[in-house]
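Using my numbering, read the sequence shown as starting at 11 and increasing by one per residue.
A short write-up of the structure that comes next.
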Amino acid sequence: MFEWIASPEMWVALATLIALEIVLGIDNIIFIAILVGRLPKEQRQKARILGLSLAMITRLLLLFSLFWIMKLTAPLFTILGQEISGRDLILILGGLFLIGKSTLEIHHDIDGAEESNEEDSMPPKIRGGFVGVLVQIAILDIVFSLDSVITAVGMVSNIEIMMLAVIVAVGVMMIASKSISEFVENNPTIKILALAFLILVGVTLVAEGLDFHISKAYIYFAMAFSLGVESINIYIKKKRLEHLRTQKRK
């Protein structure tokens, strides 16, 4: 069962898979960060941990359902000459949900910025509160986990390695989630940028479901480049504020 421990190739495969699982989980972390930002501060960390725990449980359950996952790639029906499988349906519906949710969040932030009434400008409670957040996280976890598990299945055939990679990757995400969430919450422009990329991820999921393959390398490069530019803007703004404060003291 654990013969792979003595194999250097398996350790390389494990390290590679962990890295890929973390990269594929970035979308999940951003989505969770934005959702929990609408909760009271005392509930946010609990929601983050529970949300990522749901992601880990979903991925592990999907790994134990490898036969079912393989059947998901079989065509269910055809529309305009395009074969649609169970996996395609999940990706399309998940992508549409992500596009709709991110768009509503952007509208909420814009409308909230224009409200002058103090009560209206406060972040409204999400429908269902804490449970509502977990339900929304669970819905997207299924989509993100499916992508992650299919990647794992395509890379290695040893289920112990897949499970270990998922557990380690989610553990790393749990450690990083609070810092990422606070950074997103404290920087409104970063939050809008993150929501815009979640829309892009949603479009990519829909395209993938319709058999239009878009390399995720392009998506992640665009995210990294835009984040780098926005980080420079934040740094410049911070320096200007410090300069103004220094001038006022004089």
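No residue lacks a Cβ here, since even glycine has one placed at the ideal position from N, Cα and C.
Buried versus exposed, by CB contacts within 10 Å (16 or more), residue i
| i | result |
| --- | --- |
| residue 250 | exposed |
| residue 257 | exposed |
| residue 231 | exposed |
| residue 44 | buried |
| residue 105 | buried |
| residue 87 | exposed |
| residue 74 | exposed |
| residue 141 | exposed |
| residue 212 | buried |
| residue 255 | exposed |
| residue 225 | exposed |
| residue 248 | exposed |
Neighbourhood of residue i by C-beta distance below 6 angstroms, restricted to the same chain and skipping five residues each side
| i | result |
| --- | --- |
| residue 145 | none |
| residue 222 | none |
| residue 116 | 205 |
| residue 151 | 64, 65 and 68 |
| residue 218 | 101 |
Simplified DSSP state of residue i, which is helix, strand or coil
| i | result |
| --- | --- |
| residue 95 | strand |
| residue 86 | strand |
| residue 286 | It is not possible to answer for residue 286, since the shown part of the chain is limited to 11 through 260. |
| residue 75 | coil |
| residue 49 | coil |
| residue 38 | helix |
| residue 133 | Since pLDDT at residue 133 reaches only 46, below the 50 mark, its modelled position is unreliable, and the value read off the structure follows with that caveat. In the structure shown, residue 133 sits in coil (DSSP, three-state: anything other than H, G, I, E or B). |
| residue 196 | helix |
Beta-carbon contacts of residue i that lie in its chain and below 7 angstroms, excluding the five residues immediately before and after
| i | result |
| --- | --- |
| residue 188 | 55 and 58 |
| residue 183 | 32, 35, 39 and 62 |
| residue 175 | 24, 27, 28, 31 and 162 |
| residue 240 | 199, 200 and 203 |
| residue 41 | 150 and 208 |
8 angstroms Cβ shell around residue i - same chain, five flanking residues per side excluded
| i | result |
| --- | --- |
| residue 220 | 92, 98 and 102 |
| residue 47 | 54, 133, 191, 194, 195 and 201 |
| residue 216 | 101, 102, 105, 106 and 109 |
- Task: Could you name each continuous beta strand (DSSP E) segment of 3 residues or more that falls completely within the segment 227 to 251, going from the start of the chain to the end?
- Result: Within the segment 227 to 251, no complete beta strand (DSSP E) run reaches 3 residues.
- Is it a yes or a no for the segment 177 to 189 touching the segment 85 to 100, going by three-plus beta-carbon pairs under 8 angstroms? The way I'd put it, the segment 177 to 189 doesn't touch the segment 85 to 100; fewer than three beta-carbon pairs between them come closer than 8 angstroms.
- Message: If contact is defined by three or more beta carbon pairs under 8 angstroms, each pair taking one atom from either stretch, is the segment 26 to 33 in contact with the segment 107 to 122?
- Response: Result no; under three Cβ-Cβ pairs closer than 8 angstroms.
- Per the contact definition of three or more C-beta pairs closer than 8 angstroms, is the segment 56 to 65 in contact with the segment 194 to 211? At 8 angstroms Cβ cutoff, the stretches do not touch.
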